[in-house]
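*Asks:* Take this structure first; my questions come after.
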Amino acid sequence: GEEEEEESKPTKKKKKMMMPRGFYLHGSPGSGKSMCMDALHDSFDDTLDSMPRRRVHFHTFMQEMHRRIHEWKQSTSKEDGSHEADAITEVARQVSKEARLLCFDEFQVTDIADALILGRILRVLFSEGTVMIATSNTPPSELYAGGLNRRDFMSTISIIGVIVVFELLMRSANSVERARPTMETATP
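Under this note's numbering, read the sequence shown as residues 2 to 189, first letter to last.
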């Protein structure tokens, strides 16, 4: 029998679509950000009931992270060569196992200690598959504005860029006009 030869066709490289790691909702106070986040958080009750999730005020979360990092360093022998980066990574991995969906209300960075560790925390959370929903009065590009060594924080802002950013606009004091996705690029 005759053998069929397959024509060699040039293969097109498929662009890998980046799936968002969550949502960042920002807008003025009273624009409905927390209400939207709560609706998203609660919508998982029926579809992903077994998915561990957590809703927490961002400031409370960061205080908890500092405490847990300190406790991890205290419980780890100094002879084993561990250091702060290990502590941040390990604690962030633990958090990721505890909550696959993290909802942060009032996401705001004003403290240099938070600014220094936040990027590493987010990198680990996202690499472990954690989804983040955050509300803020501040667009990502303005986080930690005027902060000490802000240029070092710009990489953290770019990490936040892997999630979908929405700005909630107000028509009147009591009604949300629309949610508008925004594309932000961070500049130092």
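Think of the CB as a built atom: it goes at the ideal place given N, C-alpha and C, for glycine as much as any other residue.
All of these numbers come straight from a predicted model, not from anything done at the bench.
Considering just the uninterrupted stretch of the alpha helix (DSSP H) at THR157, what are its terminal residues?
*Replies:* 155-161 is the span of the alpha helix (DSSP H), which, as asked, contains THR157.
*Asks:* Measuring alpha carbon to alpha carbon, tell me which residue in ILE134, ILE89, ILE113 and GLY148 is nearest ARG124.
*Replies:* That would be ILE89, whose Cα lies nearest to the Cα of ARG124.
*Asks:* Among GLY28, GLY147 and ALA40, whose alpha-carbon lies nearest the alpha-carbon of ARG190?
*Replies:* Residue 190 lies beyond the stretch modelled for the chain, which goes from 2 to 189, so this question has no answer here.
*Asks:* Can you give me the start and stop residues for the alpha helix (DSSP H) that ARG121 sits inside?
*Replies:* Taken as a continuous stretch (DSSP letters only), the alpha helix (DSSP H) holding ARG121 covers 113-128.
*Asks:* Buried or exposed: where does GLY147 fall if 16 or more other Cβ atoms within 10 Å of its Cβ makes it buried?
*Replies:* Answer is exposed; the Cβ neighbour count stays below 16.
*Asks:* Report the option in CYS37, GLY28, GLN75 and MET66 whose CA atom is closest to the CA atom of LEU117.
*Replies:* Looking at the Cα atoms, MET66 is the closest of the given residues.
*Asks:* Applying the 10 Å Cβ sphere with the 16-neighbour rule, what's the burial state of ASP115?
*Replies:* Label assigned to ASP115: buried.
*Asks:* Going along the chain, which residues of its own chain have a beta-carbon closer than 6 Å to the beta-carbon of TYR145, five neighbours each way excluded?
*Replies:* Excluding residues within five positions, the ones whose Cβ falls inside 6 Å are VAL110, ALA116, ARG151 and PHE154.
*Asks:* Within the same chain, show all residues whose beta-carbon is closer than 8 Å to that of ILE70, passing over the 5 residues directly before and after it, in chain order.
*Replies:* Closer than 8 Å at the Cβ level, and outside the excluded window around ILE70, lie GLU85, ALA88, ILE89, VAL92 and ILE118.
*Asks:* For a quick check, are the C-beta atoms of MET36 and PHE45 less than 8 Å apart?
*Replies:* Their beta carbons are not under 8 Å apart, which means MET36 does not touch PHE45 by this criterion.
*Asks:* Nearest-angstrom Cα distance between LEU1 and GLN75?
*Replies:* Residue 1 falls outside the range modelled here, since the chain spans only 2 to 189, and no answer is possible.
*Asks:* Out of HIS60, GLU107, LEU126 and ILE158, state which residue places its alpha-carbon closest to the alpha-carbon of THR136.
*Replies:* Of the candidates HIS60, GLU107, LEU126 and ILE158, the one whose C-alpha sits nearest the C-alpha of THR136 is GLU107.
*Asks:* To the nearest angstrom, how far is it from the Cα of GLU72 to the Cα of GLN64?
*Replies:* Taking the straight line from one Cα to the other gives about 12 Å.
*Asks:* From the DSSP output, in three-state form, read off LEU170 for me.
*Replies:* Correct three-state label for LEU170: strand.
*Asks:* Quick check on PHE45: does DSSP put it in helix, strand or coil?
*Replies:* Residue state, collapsed to three classes: helix.
*Asks:* My understanding is that GLY23 touches ILE134, with C-beta atoms under 8 Å, so please give their C-beta distance in whole angstroms.
*Replies:* That pair is a contact at about 5 Å.
*Asks:* What does the Cβ neighbour count give for SER1, buried or exposed, with the cut at 16 atoms within 10 Å?
*Replies:* The shown model of the chain, from 2 to 189, leaves out residue 1, and the question about it has no answer.
*Asks:* Give the DSSP bridge partners of ASP106, in chain order.
*Replies:* HIS58.
*Asks:* Counting C-beta neighbours from all protein chains within 10 Å, is the total for GLY130 16 or more, i.e. buried, or is it exposed?
*Replies:* GLY130 should be labelled exposed.
*Asks:* Name the residue from PHE62, THR139 and PHE127 whose alpha carbon lies nearest to the alpha carbon of SER29.
*Replies:* Of the listed residues, the one whose Cα sits closest to SER29 is THR139.
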